[in-house]
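These notes concern the structure reproduced below.
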Amino acid sequence: MKGAHIGFKMLEEIYILNMKAVVRAENKKQSDDEVQHLRECTIRAFLLYLLG
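Quick note on this note's numbering: the sequence shown kicks off at 37 and runs consecutively.
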(Lines of atoms letter the chains of each structure in order from A; the text may use other names.)
(Lines give C-alpha, C1' and ligand atoms only; values in the text may rest on other atoms or scores of the structure.)
Protein backbone atom coordinates (compact mmCIF):
# COMPACT_ATOMS: atom_id res chain seq x y z
CA MET A 37 0.00 0.00 0.00
CA LYS A 38 1.11 3.52 -0.66
CA GLY A 39 0.40 6.58 1.41
CA ALA A 40 0.33 7.28 5.10
CA HIS A 41 -1.04 4.51 7.30
CA ILE A 42 -1.15 4.01 11.04
CA GLY A 43 -1.76 0.75 12.84
CA PHE A 44 -4.30 -0.07 15.51
CA LYS A 45 -1.58 -0.52 18.14
CA MET A 46 -0.23 2.99 17.56
CA LEU A 47 -3.73 4.51 17.63
CA GLU A 48 -4.40 2.69 20.88
CA GLU A 49 -1.20 4.10 22.38
CA ILE A 50 -2.10 7.62 21.22
CA TYR A 51 -5.56 7.27 22.77
CA ILE A 52 -4.14 6.10 26.10
CA LEU A 53 -1.54 8.88 26.19
CA ASN A 54 -4.17 11.50 25.38
CA MET A 55 -6.49 10.14 28.06
CA LYS A 56 -3.70 10.35 30.64
CA ALA A 57 -2.98 13.93 29.52
CA VAL A 58 -6.63 14.85 30.11
CA VAL A 59 -6.56 13.41 33.63
CA ARG A 60 -3.30 15.24 34.42
CA ALA A 61 -4.70 18.52 33.09
CA GLU A 62 -7.84 18.16 35.18
CA ASN A 63 -5.82 17.33 38.30
CA LYS A 64 -3.55 20.34 37.75
CA LYS A 65 -6.64 22.54 37.30
CA GLN A 66 -5.49 23.78 33.90
CA SER A 67 -7.73 26.09 31.89
CA ASP A 68 -11.00 24.76 30.55
CA ASP A 69 -9.82 25.47 27.00
CA GLU A 70 -6.73 23.30 27.45
CA VAL A 71 -8.74 20.44 28.95
CA GLN A 72 -11.32 20.71 26.16
CA HIS A 73 -8.58 20.58 23.51
CA LEU A 74 -7.08 17.47 25.08
CA ARG A 75 -10.50 15.82 25.26
CA GLU A 76 -11.10 16.54 21.58
CA CYS A 77 -7.74 15.01 20.68
CA THR A 78 -8.64 11.93 22.72
CA ILE A 79 -12.00 11.58 20.97
CA ARG A 80 -10.35 11.92 17.54
CA ALA A 81 -7.83 9.20 18.38
CA PHE A 82 -10.62 6.92 19.63
CA LEU A 83 -12.73 7.46 16.51
CA LEU A 84 -9.77 6.77 14.24
CA TYR A 85 -9.15 3.57 16.18
CA LEU A 86 -12.81 2.60 16.06
CA LEU A 87 -13.33 3.32 12.37
CA GLY A 88 -9.81 2.46 11.19
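All C-beta atoms in this analysis are idealised placements derived from N, C-alpha and C, irrespective of residue type, glycine included.
Since this is a predicted model, take the numbers as computed values, not measurements.
Skipping 5 residues on each side, what residues in its chain have a beta carbon closer than 8 Å to that of residue i?
{"i": "L74", "result": "N54, A57, V58 and A61"}
Which residue from the options puts its Cα closest to that of residue i?
{"i": "Y51", "options": "L87, R80 and G88", "result": "R80"}
{"i": "M77", "options": "H41, A40, K45 and E49", "result": "A small fix is needed here, since residue 77 is Cys in this sequence, not Met. Measuring from the Cα of C77, the nearest candidate turns out to be E49."}
Could you have a look at residue i and say whether DSSP puts it in helix, strand or coil?
{"i": "Q72", "result": "helix"}
{"i": "K45", "result": "helix"}
{"i": "K56", "result": "helix"}
{"i": "A61", "result": "helix"}
{"i": "A81", "result": "helix"}
So, at 6 Å on beta carbons, what are the nonlocal neighbours of residue i in its own chain, with the 5 sequence-adjacent residues on each side left out?
{"i": "L84", "result": "L47"}
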